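Student:
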Amino acid sequence: MAACVASPAPAFALSSDILRPRGEKPVSLSWRSSFPQFRLSLDSTSSPSNPTRDRGFIVEAAWTRRSRGEAAKRPNRKSWKQRTDMYMRPFLLNVFFSKRFIHAKVMHRGTSKVISVATTNAKDLRNTLPSLTDDSACRIIGKLIAERSKEADVFAMAYEPRKNERIEGKLGIVIDTIKENGIIFV
Numbered sequence: 025m026a027a028c029v030a031s032p033a034p035a036f037a038l039s040s041d042i043l044r045p046r047g048e049k050p051v052s053l054s055w056r057s058s059f060p061q062f063r064l065s066l067d068s069t070s071s072p073s074n075p076t077r078d079r080g081f082i083v084e085a086a087w088t089r090r091s092r093g094e095a096a097k098r099p100n101r102k103s104w105k106q107r108t109d110m111y112m113r114p115f116l117l118n119v120f121f122s123k124r125f126i127h128a129k130v131m132h133r134g135t136s137k138v139i140s141v142a143t144t145n146a147k148d149l150r151n152t153l154p155s156l157t158d159d160s161a162c163r164i165i166g167k168l169i170a171e172r173s174k175e176a177d178v179f180a181m182a183y184e185p186r187k188n189e190r191i192e193g194k195l196g197i198v199i200d201t202i203k204e205n206g207i208i209f210v
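Mapping of the sequence shown onto this note's numbering: residues 25 to 210, in sequence order.
(1) I need the straight-line Cα distance from Y183 to S173, nearest angstrom please.
(2) Of all the options E192, A176, P185, V138, which has the alpha carbon lying nearest to the alpha carbon of D159?
(3) What is the DSSP secondary structure of V198, counted as helix, strand or coil?
(4) Run through DSSP, which three-state label would L156 get?
(5) What do you reckon, are the CB atoms on I169 and I207 nearer than 9 Å?
(6) Nearest to F121 by CA position, among L149, T135, T157, F115, is which residue?
(7) A142 and A128: beta carbons closer than 9 Å?
(8) Tell me the rounded alpha-carbon separation between L149 and K102.
(9) With respect to the beta strand (DSSP E) encompassing K129, which residues constitute its N-terminal and C-terminal limits?
(10) Identify every residue that forms a DSSP beta bridge with F209.
(11) Keeping to the same chain, check which residues put their C-beta closer than 7 Å to that of K123; ignore five residues upstream and five downstream.
(12) What is the DSSP secondary structure of S136, counted as helix, strand or coil?
(13) Measure the alpha-carbon distance for Q106 versus T144 and round it to whole angstroms.
(14) Give the single residue among M181, F125, V119 whose Cα lies nearest to the Cα of N151.
(15) Measuring only the C-alpha atoms, how far is D109 from L116?
(16) What residue range is occupied by the uninterrupted alpha helix (DSSP H) comprising R107?
(17) Do you know offhand how far M181's Cα is from R113's?
(18) Give the range of the beta strand (DSSP E) segment to which N118 is assigned.
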C-alpha cells in the first residue's frame, strides 16, 4: 500500500505591511504605523492568542526609556530648587581672595555672562591702595561691584557660600558694603 502524502499548506502564514502596493497609502500617520508590522500565526485560520504582540509591543518596548523600578528611584533627577534656582536668583556674586589680591564678579547663571567685575589687581587700584588685601580694599571692591551692577540694571543678587565657608571677616565686609550701596541680597 503506497501512501501518497500530500503536502498541506505551509504551517505558518506571514502577512506584512511591507507587501503593500506602492500607490497605497498607510491607514494611519502615527509614529507606530511607520514601522512594518509582522503577524505570525501557526494556522492561517486562527487569530493570534496574545493581543499585545499584534500591537507591536516589541517596538514600543525598545523605545521605553527606563523600567518602572528605575523610574521610581529617579537617581539622576534634580530637586525642584536645583531646577528653578537659576531662574529665581539669576545673578550670583563670586568673591575670591588670593594672597595678593581680591577678585569679585557678578555673573548671570543662565547665560554665564559676567555683569560686573572688580579686582584690586586693576591698574588704578593697584597704584592707589596702600594694601591690596586689607579691610579698606574689601570696602572699595564692594562699592565698585555695587556701582557697576547698578549701571548694568542689576539691583538684586545672591551669594552662595561654599562648603564650610562662613560669611565673616573680609567676605562679610565685601557683602555688607554691597548691601550698604543699595544692592538687595536674595
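Using N, Cα and C, we set each Cβ at its ideal position, and we do this for glycine too.
Just so it is clear, the structure is predicted and the values come from calculations on it, not from any experiment.
Tutor: This is what the structure holds:
(1) Translated into positions along the sequence shown, residue 183 becomes position 159. Translated into positions along the sequence shown, residue 173 becomes position 149. Going by the C-alpha atoms only, they are around 14 Å apart.
(2) Within the sequence shown, residue 159 is the residue found at index 135, counting from 1. Among E192, A176, P185, V138, the Cα nearest to that of D159 is on E192.
(3) Here residue 198 refers to the residue found at position 174 when the sequence shown is read from its first residue. Note: V198 maps to helix in three-state DSSP.
(4) What you label residue 156 is simply residue 132 of the sequence shown in a count that begins at 1. Reduced to three states, the DSSP call for L156 is coil.
(5) Locating residue 169 in the sequence shown gives position 145, counting from the first residue. Locating residue 207 in the sequence shown gives position 183, counting from the first residue. Yes, the Cβ-Cβ distance between I169 and I207 is below 9 Å.
(6) In the sequence shown, counting from the first residue as 1, residue 121 sits at position 97. Considering only alpha carbons, the answer is T157.
(7) Position 118 of the sequence shown, counted from the first residue, corresponds to residue 142. Position 104 of the sequence shown, counted from the first residue, corresponds to residue 128. Yes. Within cutoff.
(8) Counting from one through the sequence shown, the residue named residue 149 turns up at place 125. Counting from one through the sequence shown, the residue named residue 102 turns up at place 78. Cα-Cα distance, rounded: 42 Å.
(9) Stepping through the sequence shown from its first residue, residue 129 is reached at position 105. Unbroken beta strand (DSSP E) run through K129: 126 to 132.
(10) Position 185 of the sequence shown, counted from the first residue, corresponds to residue 209. Looking at the DSSP assignment, F209 forms a beta bridge with M181.
(11) As a working note, residue 123 is residue 99 in the sequence shown. Same-chain partners within the cutoff: there are none.
(12) On the sequence shown, residue 136 is found 112 positions in, with the first residue counted as 1. Note: S136 maps to coil in three-state DSSP.
(13) Counted from its first residue, the sequence shown places residue 106 at position 82. Counted from its first residue, the sequence shown places residue 144 at position 120. Going by the C-alpha atoms only, they are around 33 Å apart.
(14) As a working note, residue 151 is residue 127 in the sequence shown. N151 has its Cα closest to that of F125, out of M181, F125, V119.
(15) Translated into the one-based positions of the sequence shown, residue 109 becomes position 85. Translated into the one-based positions of the sequence shown, residue 116 becomes position 92. So the alpha carbons of these two residues sit roughly 11 Å apart.
(16) Here residue 107 corresponds to residue number 83 of the sequence shown, with the count starting at 1. R107 -> alpha helix (DSSP H) spans 104 to 112.
(17) As a working mapping, residue 181 is identified with position 157 in the sequence shown. As a working mapping, residue 113 is identified with position 89 in the sequence shown. Looking at the two C-alpha atoms, the distance is approximately 7 Å.
(18) In the sequence shown, residue 118 corresponds to position 94, counting from 1. Residue range 115 to 121 is occupied by the beta strand (DSSP E) that includes N118.
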